[in-house]
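In the numbering used here, the protein residues as written are 493 to 633. What follows is a short report on a single structure.
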Amino acid sequence: MSSRYEVLASSADGRSIAVEAGDRKTTVDLSAALGGPGENPNPDETLIAALGACTIITLHLYAARKGWAIGPVQVRVSMDVPGGDQPAHIEQIVHIPAELDAEQRERLEQIAGRCPIHRLLAGPMTFEDRLGTADEVGAVA
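If you want it as structure tokens, here you go:
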């Protein structure tokens with residue numbers, strides 16, 4: 493199934509970025525260590541937050557289809573970005589209730605790696621970067 497997603501990110505100073513996804517809005521900040529306000533997640537944190545959120549959604553949808561009551565799920569995601577030509581490393585630890593049996597736990601571990609964001613980050617991807625003018629999207633805030 494093909495999907496297309498689009499957001500509009502805008503900023504006057506590059507330190508605090510307004511992000512619009514349809515009629516929903518959020519803010520992404522440059523970290524305080526780099527001179528930003530650091531009040532909101534930075535772009536790297538936003539990326540791995542998307543992975544954690546997608547994993548939780550995927551696990552709950554799968555469990556519901558199976559009729560499993562899995563209860564609360566927490567996902568801790570960390571990312572190491574070494575720089576240069578070295579690849580980044582993402583570690584994701586899924587915390588699920590201990591009451592689940594070994595078969596359920598094993599299956600959920602497999603399913604965690606199948607969330608759409610996980611597949612997107614792990615698989616091949618292409619980029620197309622173009623430069624446009626502010627007139628094409630409206631005034632930049």
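For glycine and all other residues, C-beta sits at the position ideal for the given N, C-alpha and C.
First through last residue of the beta strand (DSSP E) which encompasses residue i
i, result
"R516", "R516 to D521"
Spatial neighbours of residue i in its chain, beta-carbon cut-off 6 Å, leaving aside the 5 residues before and after
i, result
"V565", "I548, L551 and I588"
For residue i, the three-state DSSP class (helix, strand or coil)
i, result
"I609", "helix"
"A510", "strand"
"L500", "strand"
"E628", "helix"
"A524", "helix"
For residue i, the first and last residue of its enclosing alpha helix (DSSP H)
i, result
"I549", "P535 to K558"
"R599", "A594 to A604"
8 Å Cβ shell around residue i - same chain, five flanking residues per side excluded
i, result
"G506", "L522"
"P533", "V520, D521 and A541"
"L592", "W560, I562 and L600"
Check: residue i C-beta below 7 Å from any heavy atom of the ligand SAM
i, result
"V511", "As for the ligand SAM, it is missing from this structure, which has no ligand bound."
Residues that DSSP places opposite residue i in a beta bridge
i, result
"S570", "E583"
Exercise. Touch check for the stretch 579-595 and the stretch 511-529: three-plus C-beta pairs under 8 Å?
Worked result: The way I'd put it, the stretch 579-595 doesn't touch the stretch 511-529; fewer than three beta-carbon pairs between them come closer than 8 Å.
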